[in-house]
Amino acid sequence: MKRRERSWIYERMIGQSINPEFVEGVDEFIQYVTDHPESSNPNEVRCPCVKCKNKRLWDADTVKIHLYRKGFIPNYYVWMCQGEGYPGIPERRPNEYRDMVFNTFGHSEDQGHSDQASKSPLYEGSSLSVLEMAARITSLKCEYNLPHRCVDGFASLLSEVIPNNSHMTDTFYEVKKIVKGLELSHQKIHACPKGCMLFWKVDAQLFACRVCGSDRYKQTSKGSLVPLNVLFYFPITPRLQRLFATKNILEEMTWHLKNPRVQGTMAHPSDNVSWKHLDCRFPEFASEPRNVRLGLCTDGFAPHGKFGGQYSCWPVILTPYNLPPSMCID
Ligand SMILES: [Zn+2]
Ligand SMILES: [Zn+2]
Numbered sequence: 329m330k331r332r333e334r335s336w337i338y339e340r341m342i343g344q345s346i347n348p349e350f351v352e353g354v355d356e357f358i359q360y361v362t363d364h365p366e367s368s369n370p371n372e373v374r375c376p377c378v379k380c381k382n383k384r385l386w387d388a389d390t391v392k393i394h395l396y397r398k399g400f401i402p403n404y405y406v407w408m409c410q411g412e413g414y415p416g417i418p419e420r421r422p423n424e425y426r427d428m429v430f431n432t433f434g435h436s437e438d439q440g441h442s443d444q445a446s447k448s449p450l451y452e453g454s455s456l457s458v459l460e461m462a463a464r465i466t467s468l469k470c471e472y473n474l475p476h477r478c479v480d481g482f483a484s485l486l487s488e489v490i491p492n493n494s495h496m497t498d499t500f501y502e503v504k505k506i507v508k509g510l511e512l513s514h515q516k517i518h519a520c521p522k523g524c525m526l527f528w529k530v531d532a533q534l535f536a537c538r539v540c541g542s543d544r545y546k547q548t549s550k551g552s553l554v555p556l557n558v559l560f561y562f563p564i565t566p567r568l569q570r571l572f573a574t575k576n577i578l579e580e581m582t583w584h585l586k587n588p589r590v591q592g593t594m595a596h597p598s599d600n601v602s603w604k605h606l607d608c609r610f611p612e613f614a615s616e617p618r619n620v621r622l623g624l625c626t627d628g629f630a631p632h633g634k635f636g637g638q639y640s641c642w643p644v645i646l647t648p649y650n651l652p653p654s655m656c657i658d
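What follows is the structure, given as structure tokens:
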């Protein structure tokens, strides 16, 4: 456990002089940062001293001096701002996508498709599987909001340059088919336009609100019925399963138990008294550290800005609190 190994962090001084173990430890810290250039540039080290609080970048020597003079910020046993403990891409195991597909889903056709894609390398000798390539393309499309035709263009270009290509897809449509097995489903549930009730379960067939009598549908000029209010529900069970199906997340799901608590600091919900209160109230739930503790929050916004006054959107977001502060996933 990092906390025990790194007890030197808060043993900076011995009497009037600096602890040689601390000096050695700071060297280890600088070494860590230089060994992990993907998280920061060796000439721009994020300084975790009490003054810079990981908000400023300096060259390694300046950071050393800051740490000698002022010491580390409290409770900094895991060097998160320097990239430690992150589920970063370089640490990803080659079979992670495969595990995700395997463990999370039943044997549907889509799953079979994605499973197959997770097993076949992009080309002979490639470390990337067909599925990983497709997942990365999809993620880039979302990140930069690329139009379909742009993705089609790049996919077909890639497909041309890949040696002995047999697997690379050359349209976004094909990419989507491969990734479909990973998709987490959602349900649309109609709601009363005034928000009284959901047309769900026993009420699924009603045409008007049981509480206020408002119509469920409006009729378009062409005569088709359009629901006036729709709730998008993202079922929670497969999402929780996914947390446990991904190795690096799975390991951190019990982090709250090993949280290196430091008196007087509040870095994670598990430092809070209400967490302990829950432990007392529900000892059976608390006795299994893999049980997921969820925080719920919601806020409304107008998706079309102030000119679309009649539209509003209220996402209700659940956050698992088991994970370390560096891995917040909604
Ligand atoms: Zn500093
Ligand atoms: Zn109503």
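According to the numbering used here, the sequence shown holds residues 329 to 658 in order.
By construction, the Cβ of each residue, glycine as well, lies at the ideal position given by its N, Cα and C atoms.
Using beta-carbon positions only, say whether His605 and Pro555 come within less than 7 Å of one another. Not a contact, by the Cβ cut-off of 7 Å.
Tell me which residue opens and which closes the beta strand (DSSP E) that Pro348 is part of. Following the DSSP letters along the chain, one finds Pro348 in no beta strand (DSSP E) but inside the alpha helix (DSSP H) bounded by residues Pro348 to Asp363.
In terms of residue numbering, what span does the beta strand (DSSP E) encompassing Ile401 cover? Note, Ile401: premise wrong, no beta strand (DSSP E); not H, not E.
Considering only residues of the same chain and omitting the five flanking positions on each side of Arg465, which have a CB-CB separation below 6 Å? The displayed chain sequence assigns Ile, not Arg, to residue 465. Excluding sequence neighbours, Ile465 sits near Val503.
Which one or two residues does DSSP pair with Asp543 in a beta bridge? As a beta-bridge residue in DSSP terms, Asp543 pairs with Ala536.
Pair within 7 Å by beta-carbon distance, His495 and Ser446: Cβ distance not < 7 Å, so His495 and Ser446 don't count as in contact.
Is Cys608 near ligand 1, in the sense that its beta carbon is under 6 Å from a heavy atom of that ligand? No, the beta carbon of Cys608 sits no closer than 6 Å to any heavy atom of ligand 1.
In angstroms with no decimal places, state the Cα-to-Cα distance between Trp528 and Cys377. Approximately 55 Å between the Cα atoms of the pair.
Contact between the segment 340 to 357 and the segment 387 to 400 (3+ Cβ pairs under 8 Å): In this structure the segment 340 to 357 touches the segment 387 to 400; the number of beta carbon pairs closer than 8 Å is three or more.
Once the 5 residues before and after Trp583 are set aside, which same chain residues still bring their CB inside 7 Å of it? For Trp583, where only same-chain residues beyond five positions count, the Cβ hits under 7 Å are Asn650, Leu651 and Pro652.
Span separating the alpha-carbon of Asp543 from that of Ala536: C-alpha separation (whole angstroms): 4 Å.
If Leu450 and Ile490 are in contact, beta carbons under 8 Å, what's the gap, nearest whole angstrom? The Cβ separation is near 7 Å, so the contact holds.
Measure from the alpha carbon of Lys505 to the alpha carbon of each residue in Arg621, His514, Ala462 and Arg397, then state which is nearest. Nearest option by C-alpha distance: Ala462.
So what's Phe496 in DSSP terms, helix, strand or just coil? Looking at the sequence itself, residue 496 is Met, so the reference to Phe does not match. If DSSP states are grouped into helix, strand and coil, Met496 belongs with coil.
So if I measure from each beta-carbon to every heavy atom of ligand 2 and keep distances below 5 Å, which residues remain? Selection around ligand 2 by beta-carbon proximity, strictly under 5 Å to any non-hydrogen atom, yields Cys520, Lys522, Cys524, Cys537, Val539, Cys540 and Ser542 in chain order.
Spatial distance of Trp660 from Glu460 (CA atoms): Given that the chain is displayed from residue 329 to residue 658, the structure contains no residue 660 and the question cannot be resolved.
Taking 7 Å as the threshold (C-beta atoms), are Asn492 and Pro521 in contact? No, the Cβ-Cβ distance between Pro521 and Asn492 is not below 7 Å.
Give me the Cα-Cα distance between Tyr405 and Cys375, rounded to the nearest whole angstrom. Roughly 14 Å between the two C-alpha positions.
What do you reckon, are the CB atoms on Trp603 and Pro597 nearer than 7 Å? Yes, Cβ-Cβ distance for Trp603 and Pro597 is below 7 Å.
Whose C-beta lies closer than 7 Å to the C-beta of Arg567 among residues of the same chain, with five residues either side of it excluded? Leu512, listed in sequence order.
Own chain partners of Glu349 with C-beta closer than 6 Å, once the 5 adjacent residues on each side are dropped: Apart from sequence neighbours up to five positions away, the residues of its chain that approach Glu349 with a beta-carbon distance below 6 Å are Trp336, ordered along the chain.
Proximity of Glu579 and Met655 at Cβ, strictly below 7 Å: Against a cut-off of 7 Å, the Cβ pair of Met655 and Glu579 comes out as no contact.
With hydrogens ignored, establish whether the beta-carbon of Cys380 is closer than 6 Å to any heavy atom of ligand 1. Yes, ligand 1 has a heavy atom inside 6 Å of this Cβ.
Report yes if the C-beta distance between Ala630 and Ser640 is below 7 Å; otherwise report no. In this structure, Ala630 sits near Ser640, with a CB-CB distance shorter than 7 Å.
Spatial neighbours of Val351 within its chain, please: C-beta separation below 8 Å, excluding the five flanking residues on both sides. Only residues of its own chain outside the window of five on either side were considered, and among them Tyr396 have a CB closer than 8 Å to the CB of Val351, listed in chain order.
Coarse secondary structure for Tyr451, derived from DSSP in three states: Three-state DSSP puts Tyr451 in coil, outside helix and strand.
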